[in-house]
Each structure stands twice: as structure tokens, then as C-alpha cells.
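Same order as they appear, the protein sequences are chains A and B. No gaps in the numbering here: position 157 of the first sequence is 157 in my numbering, and each next residue is one more. Here my numbering runs 1000 ahead of the position in the second sequence, where the first position is 1. Beta carbons: idealized from backbone N, C-alpha and C, even for Gly. Here the structure is a predicted model, which is why all the values come from computation and not from measurement. These notes are about the structure you will find just below.
There are 2 protein chains.
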Amino acid sequence: MRERQVFFVSDRTAITAEGLGNSLLTQFGEVAFNRITRRFIDTPEKAHTVADEIRRAGDQSGSRPIVFSTLIDADMRSIVAKSGAVCFDFVDTFIGRLEEELGQQSSHSIGKTHGLTDSSTYNLRMEAVNFALATDDGLTSRMYDQADLIVVGVSRSGKTPTCLYLALTFGIRAANYPLTPDDLGVMRLPMELGAHHHKIYGLTIDPGRLRAIRTERRPNSDYSSLQQCQYEVRQAEALFRHNGIPSVATTTMSVEEIATTIVHELGLQWHLP
Amino acid sequence: MRERQVFFVSDRTAITAEGLGNSLLTQFGEVAFNRITRRFIDTPEKAHTVADEIRRAGDQSGSRPIVFSTLIDADMRSIVAKSGAVCFDFVDTFIGRLEEELGQQSSHSIGKTHGLTDSSTYNLRMEAVNFALATDDGLTSRMYDQADLIVVGVSRSGKTPTCLYLALTFGIRAANYPLTPDDLGVMRLPMELGAHHHKIYGLTIDPGRLRAIRTERRPNSDYSSLQQCQYEVRQAEALFRHNGIPSVATTTMSVEEIATTIVHELGLQWHLP
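Structure representation (C-alpha cells):
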């Protein structure tokens, strides 16, 4: 497999550069990309240091490195551009057309890249994280009145990370309730959930994958046996169907995909700008 | 303030379209952007529905909507392009130059946008989330041997969300230890932390901001008084200085910024591809 050096360069967190850069790279399956991120490159000196590093990487590998950047400052951009790399600047490419369309100069200011720093937004996310922690794994069901969402599923189907991601990213208050073998013996929603039918979303998973995840936690147990995993998943799926609860199979999905699927399917409104 | 309608359109989660789109919009302070996200637009029918919605928004507001999209499929892109909006396509804009540089056609496949779905990556992130939960708020300090990082700070300085973000995003095992008034009376690191000096990172915060956060939680208490907040922050900062512990003031930072600052300053290697 061919190898190629990739740099993500940003004057702030590099989250945007990594996000779009990685999306683009996944479209090219036959190359092994060696990724390096250089964050907080916010002075010409730092830009020179990164440019030198990129230049060396190009010399050593014999092919031009690929740079994905979100450098706002034109001087720093031109320093990095002289490193001999193929440069994709995600801000500079679009900002001119946006200025034209909006009839306004951009502020060209570093440090506003996410706009998530104002305190009301911070508070909403923190409250949502606290809510997710307080209601994790079926705890404190009396708080379900305040929930935007209650995620249900068998143990290890991905409930906790999904709820934490929704809280951190969208400020959504997501509780999660584990379906235990006791719940699964009957085709009725657990009592705690009864009054909140419209907020419930189900996670399901391939039994073989569930077995692998549970085996990491408790090898050679009933809990992680294929038979038990098959039974629990089958019963949970029947429970969802029987009660008209929307659900998604998490088997091949990332946490981001599970979370945005729920937001999409339930039409959740979230609290962040 | 002028208003402008903005649409984020994606055939998958829209995380990339929102991320870069919002970064660009923050450069324009004098416009109030009204944002709508349309995810999972993966058929021509859905693309037509979104295009109609965009067209109506333009008719009603009297100015062209702005569309940030990551639609991979050329047909769907052209359907949306005919809505009369100003379209910025974050994939199409770069993919041609990348194909040329790599000497390879892109797969043009929907659903690979993050590449975070393989099970080893999933496992690493889940283990890191479980680790963060098990070691939250000073719990289970015997697990500090397995930590990549231990975040310390006074109550409500942002430790828990930072650790959860690091776990979910990077698969970093981050524990957090709260500095209590007992710890702060002496200028010595708490015993549990002694052997892990190189893994410790401090969070600090403006006392006025801390007071506001604590007041939401426990109004009119000693805990939330300005005097107590000032005392705790001053002592925590002195403790960091005295022990050579790097730290950052979280007052005006988003969780993303706090987390990537720590990764950057400690030079943490993380476990995800």
C-alpha cells in the first residue's frame, strides 16, 4: 500500500481541519495516510517550525505531504504554503465568496472558530452532562420528566456513550435505561418508562458483536454467552416493535452516527445556538 | 441586525458541514444566522424536499439562503444547487484536486465519512468512556496507573466534561481528581496523585465565573460564595505553580478547546487512527 504523509494545521483546536480532512481521506481507500496534527499554530515562528517539519517529511518520504489547514492569518498560510506540500485551506477557500455574498469583510480573527464559548451555551452543555451522569444506567428515573430523550437497550448496546455525546455536543438531556433480563421476560415497557413513551428511543445490536463486547468485560460468563446475547437482543427488538418504539442497530455505527440518527429520527430540538 | 437563513445539508451526520460552516460564519459578526440542519439526505427524493424547503426560505426572507453541504452524490448536489441558494460544497470543492494529487479516483461512497466505525476504534473509545466514569470525581484512584491523564481542579472547574470529551473523541483515558478545601489548605499534592506527577494537568477558572456556576447548583451557600471561590482558586493556582503542574484557565473556553489544549500541551498520544 502506498503511504502518504498528511498534516492537519490550525491556529486553534484543529477539530474542523481534522473533521473535513478525514472525511475527504476516507474516499481514498488505496493509500495509507500517516496523520499528524499541529494545533495552536498562532505565530509566524510556529508556522515556520511546522513548515520545516512538513518540508522534512516530504524530503524523507519522496512525495509531497498533504496539508489540510484552517489558518486564518494570510502570512502564516503563505509560510506553510512554501513548505512544498499540497495545501488545502478550508477557510481561505470559502471566505472570499462568503464576504461577497454577505457584503461584509470577515473579521479574520483567530479564536472564534467554534463560537461555543459563551457562558449560556457552556451552562447548557454542562447541565446536560450532569443530567446524563445522574440518570445513567437507569438511575434516578424520577428525573425523566426533565429528559429530552430516554435511550433504552440491553447492557452494552452503546447507551451511555450515546447519551454523553448528545449532552456534550448538543446540550440534549438524555437519560438511559438498561433493559435487564427481568424486563425482557415480559412484552411490556418497564413501569418507569410508561409515561414517557414519546421520548424513548431503542438501541439494538448484532448478537455476535454484543457477545464480543461483553466478553471483554466478563469472559466465560452467562452474561457474555452467545445464547444469552441472542435472547436479550431478540426480546428487546420484539419489545420495541410491540410498543412502537423507534430503534437503530448500532453494530457498525460510530457514536456520532448513533447520536445524530436519534436527533434526526425523533426530530429533537436542541438547546445550543 | 440583518438575518440570513443557513442550511447544513449532508447525506450522513452533517457533523463536518456544521463544523466548518459554523467556523466560517463566526467570522461574520453583523449578521444573525438562522441555522437549519438536514441530515441523512441520501436519495434524490429527499434532496428535492430539501431543495423545496430552501427555495421557500429564500422566497420568504427575500435573500438567498446559504447552503453548506457535504453531499457526495453529484445528482443530489445539482438538485440542491437549483434551489437558488448560495451553495458551498465542502467535499466537491476539494475532491478533484485530491484525486489528481493521489492519482486515484475517489470512491464517491456515502457512509464512510468518519471512518470511526471499525470495532477496534469503537472499543477503545468505549473503554476510555468507562474509565472516565469509573474515575470521575476522585473515584478509584487505584486505577491511576492506567490513566493517560489526571485532570485536577476545584469543584465545577470543568473537569468531568473535559475528561468525557477526551474519552469520546480521542479514546484518551482521563481521570479527574477534585481539589477539596482539605487539599487546598496544604501546598502539597494529595497523596493519591504523588506517583503520577507527569500525568497531571490543572484546570483553573475565574472566581466570579466559578461563583456563577456554583450558584446554579447551590445558591446562597458557603460553597458558592465569592469569598470561598476566590480562596479555592487562589490556593489551587498556587498548588499548581508550587508543584510545576501545567494548567489552563477554562473561563472563556469551550470543552473542545480545553481538551485539545491539554492534548497539545502534554503532547498526549492517543489511541485512535
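Could you give the first and the last residue of the continuous beta strand (DSSP E) run that contains residue i?
i	result
residue 151 of chain A	149-154
residue 1089 of chain B	1086-1089
Would you tell me roughly how many angstroms separate the C-alpha atoms of residue i and residue j, rounded to the nearest one?
i	j	result
residue 263 of chain A	residue 1143 of chain B	35 angstroms
residue 1099 of chain B	residue 90 of chain A	17 angstroms
residue 1081 of chain B	residue 1253 of chain B	36 angstroms
residue 1206 of chain B	residue 1237 of chain B	11 angstroms
residue 114 of chain A	residue 1028 of chain B	At residue 114 of chain A the pLDDT is 46, less than 50, meaning the model places this residue with poor confidence; the figure from the coordinates comes in the next sentence. Those two C-alpha atoms are separated by around 13 angstroms.
residue 1003 of chain B	residue 1033 of chain B	6 angstroms
residue 180 of chain A	residue 155 of chain A	7 angstroms
residue 1116 of chain B	residue 269 of chain A	Note that residue 1116 of chain B scores a pLDDT of 43, beneath 50, so its modelled location is shaky and nothing firm can be said.
residue 184 of chain A	residue 1229 of chain B	48 angstroms
residue 171 of chain A	residue 63 of chain A	43 angstroms
residue 41 of chain A	residue 5 of chain A	19 angstroms
residue 234 of chain A	residue 1026 of chain B	47 angstroms
residue 1011 of chain B	residue 1039 of chain B	6 angstroms
residue 1076 of chain B	residue 1051 of chain B	10 angstroms
residue 112 of chain A	residue 1023 of chain B	Note on residue 112 of chain A: pLDDT 49, under 50, position unreliable in the model; the coordinate value appears next. Going from the Cα of residue 112 of chain A to the Cα of residue 1023 of chain B covers about 7 angstroms.
residue 1036 of chain B	residue 1013 of chain B	13 angstroms
residue 1218 of chain B	residue 1260 of chain B	30 angstroms
residue 129 of chain A	residue 1078 of chain B	40 angstroms
residue 1102 of chain B	residue 1055 of chain B	37 angstroms
residue 139 of chain A	residue 1191 of chain B	32 angstroms
residue 1160 of chain B	residue 1096 of chain B	42 angstroms
residue 1074 of chain B	residue 1068 of chain B	15 angstroms
residue 164 of chain A	residue 1249 of chain B	24 angstroms
residue 173 of chain A	residue 133 of chain A	10 angstroms
residue 1162 of chain B	residue 1225 of chain B	24 angstroms
residue 43 of chain A	residue 53 of chain A	16 angstroms
residue 1131 of chain B	residue 258 of chain A	21 angstroms
residue 46 of chain A	residue 16 of chain A	19 angstroms
residue 1256 of chain B	residue 166 of chain A	14 angstroms
residue 105 of chain A	residue 1 of chain A	45 angstroms
Specify, as a first and last residue, the run of the alpha helix (DSSP H) that residue i falls within.
i	result
residue 211 of chain A	207-217
residue 297 of chain A	No answer is possible for residue 297 of chain A: the residues shown for chain A start at 1 and end at 273.
residue 52 of chain A	44-61
residue 177 of chain A	Where residue 177 of chain A is concerned, there is no enclosing alpha helix (DSSP H), although the beta strand (DSSP E) it sits in stretches over 174-179.
residue 1243 of chain B	1226-1243
residue 41 of chain A	Note, residue 41 of chain A: premise wrong, no alpha helix (DSSP H); not H, not E.
residue 1276 of chain B	Only positions 1001 to 1273 of chain B appear in this structure, which leaves residue 1276 of chain B out of reach.
residue 1253 of chain B	Segment: none, residue 1253 of chain B is in no alpha helix (DSSP H) and carries neither H nor E.
residue 81 of chain A	74-81
residue 107 of chain A	Segment: none, residue 107 of chain A is in no alpha helix (DSSP H) and carries neither H nor E.
residue 16 of chain A	15-25
Restricting to Cα atoms, I'd like to know which of the options is closest to residue i.
i	options	result
residue 1178 of chain B	B/1136, B/1196, B/1162, B/1210	B/1136
residue 123 of chain A	B/1070, B/1170, B/1043, B/1216	B/1216
residue 1245 of chain B	B/1201, B/1230, B/1181	B/1201
residue 210 of chain A	A/181, A/247, A/251, A/17	A/251
residue 266 of chain A	A/235, A/72, A/148, A/50	A/148
residue 59 of chain A	A/233, A/85, A/71	A/85
residue 187 of chain A	A/64, A/239, A/54	A/239
residue 194 of chain A	A/158, A/152, A/170	A/152
residue 1198 of chain B	B/1062, B/1243, B/1159, B/1048	B/1243
residue 141 of chain A	A/227, A/196, A/95	A/196
residue 213 of chain A	B/1037, B/1101, B/1126	B/1126
residue 1146 of chain B	B/1160, B/1165, B/1176	B/1176
residue 275 of chain A	A/203, A/220, A/259, A/225	No information on residue 275 of chain A is available, as it lies outside the stretch 1 to 273 that chain A covers here.
residue 92 of chain A	B/1106, B/1121, B/1174, B/1020	B/1020
residue 121 of chain A	A/223, A/8, A/221, A/168	A/168
residue 157 of chain A	A/61, A/57, A/208, A/192	A/208
residue 48 of chain A	A/9, A/15, A/30, A/66	A/9
residue 247 of chain A	A/225, A/150, A/231	A/150
residue 1018 of chain B	B/1107, B/1255, B/1071	B/1071
residue 1232 of chain B	B/1107, B/1220, B/1182	B/1182
residue 1030 of chain B	A/87, A/61, A/107	A/107
List the residues of chain D whose Cβ lies closer than 8 angstroms to the Cβ of residue i, in chain order.
i	result
residue 95 of chain A	Among the chains of the structure shown, chain D does not appear; the protein chains present are A and B.
Identify the residues that DSSP records as bridge partners of residue i: which are they?
i	result
residue 3 of chain A	A/32
residue 1202 of chain B	B/1152, B/1247
residue 66 of chain A	A/6, A/86
* Asked: Residues in the stretch 203-229 of chain A with C-beta within 8 angstroms of chain B's C-beta atoms, listed in sequence order?
  -> The stretch 203-229 of chain A vs chain B, Cβ under 8 angstroms: 209, 212, 213, 216.
* Members of the stretch 1019-1039 of chain B that neighbour chain A once the beta carbon cut-off is set at 7 angstroms -> Of all residues in the stretch 1019-1039 of chain B, those with a C-beta nearer than 7 angstroms to a C-beta of chain A are 1019, 1020, 1022, 1023, 1024, 1026, 1027, 1028, 1029, 1030, 1031, 1039, reading in chain order.
* To do: Check distances from the C-beta atoms of the stretch 1148-1165 of chain B to those of chain A and list, in chain order, the residues that come in under 7 angstroms.
  => 1160, 1161, 1164, 1165
* Using a Cβ-Cβ cut-off of less than 7 angstroms, give me the residues of the stretch 257-269 of chain A that come near chain B, in sequence order. => 257, 260, 264
* To do: Note down, in chain order, all residues in the stretch 1175-1188 of chain B with a beta-carbon under 7 angstroms from any beta-carbon belonging to chain A.
  => If the cut-off is 7 angstroms between Cβ atoms, the stretch 1175-1188 of chain B has nothing near chain A.
* To do: May I ask you to list, following chain order, the residues of the stretch 1076-1103 of chain B that have a beta carbon less than 7 angstroms from some beta carbon of chain A?
  => 1086, 1088, 1090, 1091, 1093, 1094, 1095, 1098, 1101, 1102
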